[in-house]
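The structure under discussion appears below in the form of structure tokens.
Number of protein chains: 4
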Amino acid sequence: MGGNSFGTIFRITTYGESHGPALGVTIDGFPAGIEVNKELINQDLQRRKPGQSKIVTQRKEDEDFEILSGVFEGYTTGTPISVIIRNKDHKSKDYDHIATSFRPSHADFTYSEKYGIRDYKGGGRSSARETAARVIAGAFAKMLLSKFGIEVIAYVSRVGHLYMEPDMNPIIENIENNIVRCPDATLALEMIEYIQTIKKEGNTVGGIITCVIKNVPAGLGEPVFDKLHADLGKAMLSINAVKGFEYGSGFKSAEMKGSDHNDVFVKSDSGKVETSTNFSGGVQGGISNGMPVYMNIAFKPVATIIRDQSSINQEGEQVTIKGKGRHDPCVVPRAVPIVEAMAAIVLADHLLRKQSDKISRIQV
Amino acid sequence: MGGNSFGTIFRITTYGESHGPALGVTIDGFPAGIEVNKELINQDLQRRKPGQSKIVTQRKEDEDFEILSGVFEGYTTGTPISVIIRNKDHKSKDYDHIATSFRPSHADFTYSEKYGIRDYKGGGRSSARETAARVIAGAFAKMLLSKFGIEVIAYVSRVGHLYMEPDMNPIIENIENNIVRCPDATLALEMIEYIQTIKKEGNTVGGIITCVIKNVPAGLGEPVFDKLHADLGKAMLSINAVKGFEYGSGFKSAEMKGSDHNDVFVKSDSGKVETSTNFSGGVQGGISNGMPVYMNIAFKPVATIIRDQSSINQEGEQVTIKGKGRHDPCVVPRAVPIVEAMAAIVLADHLLRKQSDKISRIQV
Amino acid sequence: MGGNSFGTIFRITTYGESHGPALGVTIDGFPAGIEVNKELINQDLQRRKPGQSKIVTQRKEDEDFEILSGVFEGYTTGTPISVIIRNKDHKSKDYDHIATSFRPSHADFTYSEKYGIRDYKGGGRSSARETAARVIAGAFAKMLLSKFGIEVIAYVSRVGHLYMEPDMNPIIENIENNIVRCPDATLALEMIEYIQTIKKEGNTVGGIITCVIKNVPAGLGEPVFDKLHADLGKAMLSINAVKGFEYGSGFKSAEMKGSDHNDVFVKSDSGKVETSTNFSGGVQGGISNGMPVYMNIAFKPVATIIRDQSSINQEGEQVTIKGKGRHDPCVVPRAVPIVEAMAAIVLADHLLRKQSDKISRIQV
Amino acid sequence: MGGNSFGTIFRITTYGESHGPALGVTIDGFPAGIEVNKELINQDLQRRKPGQSKIVTQRKEDEDFEILSGVFEGYTTGTPISVIIRNKDHKSKDYDHIATSFRPSHADFTYSEKYGIRDYKGGGRSSARETAARVIAGAFAKMLLSKFGIEVIAYVSRVGHLYMEPDMNPIIENIENNIVRCPDATLALEMIEYIQTIKKEGNTVGGIITCVIKNVPAGLGEPVFDKLHADLGKAMLSINAVKGFEYGSGFKSAEMKGSDHNDVFVKSDSGKVETSTNFSGGVQGGISNGMPVYMNIAFKPVATIIRDQSSINQEGEQVTIKGKGRHDPCVVPRAVPIVEAMAAIVLADHLLRKQSDKISRIQV
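Residue numbers (my numbering), protein chains in the order written: chain Z, 1 to 364; chain W, 365 to 728; chain Y, 729 to 1092; chain E, 1093 to 1456.
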């Protein structure tokens, strides 16, 4: 049973292998009447794109997208929005050496076990190429959220041993004006230098992305299973290379006492209910409380390294996997728009789910 | 739009407020022909039960369950299994003091905002009382998994500052023979003592539960969204008080290099494909690879503390919340069976989802 | 994979066998803030109840329902509403004679084939006893619909050869003041007499129920698959003994010409867009157009007859099934509230689904 | 909330407007390892294609499909299969006359009401052009079913007043060797002549398609809501212009007695359990019993007629809709492959759903 759809009302379905003819996404449940911002789609695709800087893979991917349906004269119509990206830079010869071998910590072995057949070119469906479709869907989600002032911002907060304290009010310009997407300019330089060193070694390194969602209205989230943070967690964990998720105080909360951790309710000068601290991460009982939602997402080091590695092949024989190809030394700079996209999709879905939760909201 | 169902083929729907007449669960999609182990249900409910030891809440809950459907002469029939637990120890007078006030870091405010109405008795639907229904469903999932040798074991690996290194091969007896459910006997004693101190202070403390799933067959998990670890993550994050989830190398992977993190494939003496290390946590590309699956789940300190706390009420006026009632100083000892239950439900669901993934499996 | 849930936002899950301890339903997604009308639930259960008149089965069923959750001080809370009915009149001895035989045109054989195990008491899950849960859920749906003036009315329009022309504006009193639930008083008497004759013969007869939904707002229905009439069709076809469904002009449309069938749009005196005829049955392109929605549902004759019938048993041997027990000579009088319930559930679901279909409707 | 997905395990999502850039379908949940039969896809598209004969619309549609994903070296891989058809013959000028008017019995008014925006070119999403995507998905479903000997055959059994008795064992060659797709050669000629007369009048006429599914294994169908015939009914009712659905004895059962209607179980010479009659239509209690499944689907006359018709426009003013364009005088000949496609999709879905219904079937 497939798992290629995500969301309930704002529901996306993606398809496409890294070296097949195309990849794409269909969004069902997008409201009618929203002006489509193609520039935003393009911009987020560019932020995810390989070859965008010296610290990411130099592999080329074409990101020309085409909207196939659901938009009429520049506005959404309420019917499914389908968007396609053609693959051009196939170079499938590059992959013959792994057609029958299992690369360490890749999905080669598990796909073979599960399906008994495997599209080995460029990792097939398991390639992070798939996330381009998510970025497109995320851009549409952002268009919806922006109508209500909701803003999703992600940035790199750790690369290997280099990290910063969480910034709850990050400035987009500070993030996007450096190639590693870290809002701390000094740290960004260190991170870039470190990634270049790693790259020279033919190695890779992990990192953390922090995501902050501002102006979230209170009342989003559907207990007891579809809690807002639970859906955010699943969304993030479904991104390639993610190994951990925490929101608010996260893993640190395990060391804290209740008297330190509780967020006291206060009334702001404008009359809004707020909390004086925000260990809750903007979510209480699985429902947003009106405070900023924030979370950390841990990415493992990319599995492809430019070194010879021992492995086995389909026949169970020991083989040596040659390290070659063009891959990212560190995935987090390019994963920033992917994290934003998945966060935006979850928020958009819960915004739409909220429409029917009390009788006083229902319109005929 | 509600969020009270979980799973796709093995699908549970829960209901019930902490101080209403009853709570329960309906499991749809459970296969026919499995002998029902009532003792297992009872045992897991006892492990979750309040009042079971001196380090948990002394509140009494009745855990007499009744199977209402889906079982005939001791075996499942393939029709929905519904199980009910009656609530007896209501004592709803205890809650009048919070009927119109919002307890810090509880779900009082968010439920009010979302629904415009609130069952304030004992937290209503947001109470962890709800997890008894999950434990029942989890026991049924374990009955299914045990037919295939799959075993789910959870234990407490951290309470506040006290922690142990992950044990990938925990012994159930070592876990269950102490009241904090930590397999390290010495550490368990320290934890118990620490929780008692916390309790005397009227305070609470957080902790971490580690869960290990053994004998998972390769091939479970449905990319690209319903990856095995993504569904596990959502399952865990949906449990009350959980703030973080990581699997395999988790957050530590963000500091690691690819050359250290990659798990090398080897062939075991028995001819099975294995990996020499298991930073992947038994999951690659979202699909199980046959190695043990393991994860850590972070719990915040319980929000109810026996201290006066400042807050506001429904009218936005500042109030003082009196600290009283019978609550857990540390939630992790009782949350162990809940973690196991959610893990078992996810595994059972993916075991059933796997049945149709290749033509050679399909039976008419 | 089970099929015991229905609906998307207004989503019901039912459980229970006819001779098990209980049956029930959980409704997830019901909006908060609606006053619960227990009398309506009771009334619809009474209309479905066996033994209510001389033309229905004299079998006794207890219909005392209990609301277990989702209601606080008389109002819905937005959390799942679970309602239970205990079974009392088991008499399971009655069914020993069919424990291993397959009654003709019953579900005995197919359940055995599918599940390899069978709860043979009273048909188990395949018994129409199950529909009591639907009636309860339907009563809740009616409570929601009534807030918006939407009214669901069903009546018997055919019993065997006796039938009436469709009445698009039926009067409830005319329906409910006779035991066969036909609004044509003269025809009702004939139908009652005919059913009594059939009953004396130990035989059964089929019939048709017509359902009219008034004051449906324009815009309900979700093309291209979840068209309003497609969901109504599935809802009706899921009721025991239903063999056919048509809406608007239905099967007659197959004989008509476009020039006769097209419904001309006109503006009513009040300024509302209407159609001068209503062959469309209130639905165009799968979306309600503001005109009354109407449909016919065909029921086969009940399979249980008081005659000896030839069949086979589990071993494939030829056996004679003795005709005995208390069953309905004609199912349609008691099925009227079931049809209404399923129609109400579909309408309620689509009313809630409509909340997010255009940006101008979305509320934060 | 959108409704553009259908099925549970075999799950399709379609997109595309009649005069947009493209239409398409993504199939999630298709098993890996099936050889793709492109000729079958092409053949079914040709059977649905406009302009194929003198009795269908002469409008041209391009049916060149492209498989974008999910297939590797001719075999399915278990990942989503996405197929696209580009639209070429746009001619959108044809539609300016209806941009602001509501054609009688079309979906113009209801789409406007629902979404507040409308792609008026060629009916946009409400056009039957959308069904090309279903035919593609249906061809994939047939590829799966054929592995298990299951065969889906549909034919025209009524056009206006001309009809035939149901043929439970239709010969495909007899159906496909005439342009109206009626297996009775004499009746086919009459139907063709009649449709030509209707066409000359600028009028349209309705009809009925009968569908027979052979070699259905016992045990398909998921009570109590996802009964096999209920899902078939929804599938058929979701097709443009369908007004009614019946299976087995259908509406006739309403006039029958139980003693005549019951299907007696017998053991065939080969030892298989069969029924001596098949009023049940191969389904009992919502589950297939191994006998042929058959059903009738009623289609209304096409709403577009070459006559002036009175209507209103968006401003509520009375207007005259000019009858022009190239449309079908009778939709049933071209709808035969659409009916087959939807039937095949339902059967494929239930075949996959069946895999987990008893413990003895589960494979790890």
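Cβ atoms here follow ideal geometry from the backbone N, Cα and C, with glycine treated the same way.
Sheet register partners of residue i (DSSP bridge)
{"i": "Tyr1339 (chain E)", "result": "E:Met1387"}
{"i": "Asp28 (chain Z)", "result": "Z:Arg11"}
{"i": "Thr1412 (chain E)", "result": "E:Ser1402"}
Straight-line Cα distance separating residue j from residue i
{"i": "His366 (chain Z)", "j": "Gly206 (chain Z)", "result": "What the structure shows of chain Z is the stretch from 1 to 364, and residue 366 (chain Z) is not part of that stretch, so it cannot be assessed."}
{"i": "Pro1315 (chain E)", "j": "Lys777 (chain Y)", "result": "22 angstroms"}
{"i": "Ser101 (chain Z)", "j": "Val970 (chain Y)", "result": "56 angstroms"}
{"i": "Ile517 (chain W)", "j": "Arg411 (chain W)", "result": "13 angstroms"}
{"i": "Thr641 (chain W)", "j": "Arg846 (chain Y)", "result": "47 angstroms"}
{"i": "Gln1135 (chain E)", "j": "Pro945 (chain Y)", "result": "42 angstroms"}
{"i": "Asn533 (chain W)", "j": "Gly502 (chain W)", "result": "21 angstroms"}
{"i": "Gly316 (chain Z)", "j": "Tyr1167 (chain E)", "result": "24 angstroms"}
{"i": "Ser1145 (chain E)", "j": "Asp895 (chain Y)", "result": "42 angstroms"}
{"i": "Ala99 (chain Z)", "j": "Gly380 (chain W)", "result": "53 angstroms"}
{"i": "Val696 (chain W)", "j": "Gln363 (chain Z)", "result": "44 angstroms"}
{"i": "Glu1265 (chain E)", "j": "Val863 (chain Y)", "result": "48 angstroms"}
{"i": "Asn931 (chain Y)", "j": "Ile923 (chain Y)", "result": "9 angstroms"}
{"i": "Leu68 (chain Z)", "j": "Ser105 (chain Z)", "result": "36 angstroms"}
Within 7 angstroms, strictly: CB atoms of residue i and residue j
{"i": "Val1385 (chain E)", "j": "Gly1378 (chain E)", "result": "no"}
{"i": "Met1348 (chain E)", "j": "Pro1029 (chain Y)", "result": "yes"}
{"i": "Val1438 (chain E)", "j": "Leu1324 (chain E)", "result": "yes"}
{"i": "Ala712 (chain W)", "j": "Phe374 (chain W)", "result": "yes"}
{"i": "Thr210 (chain Z)", "j": "Asn87 (chain Z)", "result": "no"}
{"i": "Phe30 (chain Z)", "j": "Ile81 (chain Z)", "result": "yes"}
{"i": "Ile1104 (chain E)", "j": "Val1117 (chain E)", "result": "yes"}
{"i": "Tyr115 (chain Z)", "j": "Gly1099 (chain E)", "result": "no"}
{"i": "Ser1380 (chain E)", "j": "Leu1320 (chain E)", "result": "yes"}
{"i": "Gly513 (chain W)", "j": "Asn579 (chain W)", "result": "yes"}
{"i": "Ala492 (chain W)", "j": "Asn604 (chain W)", "result": "yes"}
{"i": "Lys718 (chain W)", "j": "Leu584 (chain W)", "result": "yes"}
{"i": "Arg103 (chain Z)", "j": "Ile338 (chain Z)", "result": "no"}
{"i": "Asn4 (chain Z)", "j": "Asp1400 (chain E)", "result": "no"}
{"i": "Gln1376 (chain E)", "j": "Ala835 (chain Y)", "result": "yes"}
Integer Cβ distance of residue i from residue j, believed to fall under 8 angstroms
{"i": "Ser259 (chain Z)", "j": "Phe279 (chain Z)", "result": "Wrong, their Cβ atoms sit about 12 angstroms apart, outside the cutoff."}
{"i": "Arg1273 (chain E)", "j": "Val1428 (chain E)", "result": "5 angstroms"}
{"i": "Gly972 (chain Y)", "j": "Phe1343 (chain E)", "result": "4 angstroms"}
Cβ-based burial, residue i [other Cβ within 10 Å; buried from 16]
{"i": "Asp1361 (chain E)", "result": "exposed"}
{"i": "His889 (chain Y)", "result": "exposed"}
{"i": "Ala386 (chain W)", "result": "buried"}
{"i": "Ser1452 (chain E)", "result": "exposed"}
{"i": "Asp357 (chain Z)", "result": "buried"}
{"i": "Asp627 (chain W)", "result": "buried"}
{"i": "Asn905 (chain Y)", "result": "exposed"}
{"i": "Glu193 (chain Z)", "result": "exposed"}
{"i": "Ala707 (chain W)", "result": "buried"}
{"i": "Leu553 (chain W)", "result": "exposed"}
{"i": "Gln1150 (chain E)", "result": "exposed"}
Contact set between residue i and chain C, taken where Cβ atoms lie within less than 7 angstroms
{"i": "Ser1008 (chain Y)", "result": "Here the protein chains are Z, W, Y and E, and chain C is not one of them."}
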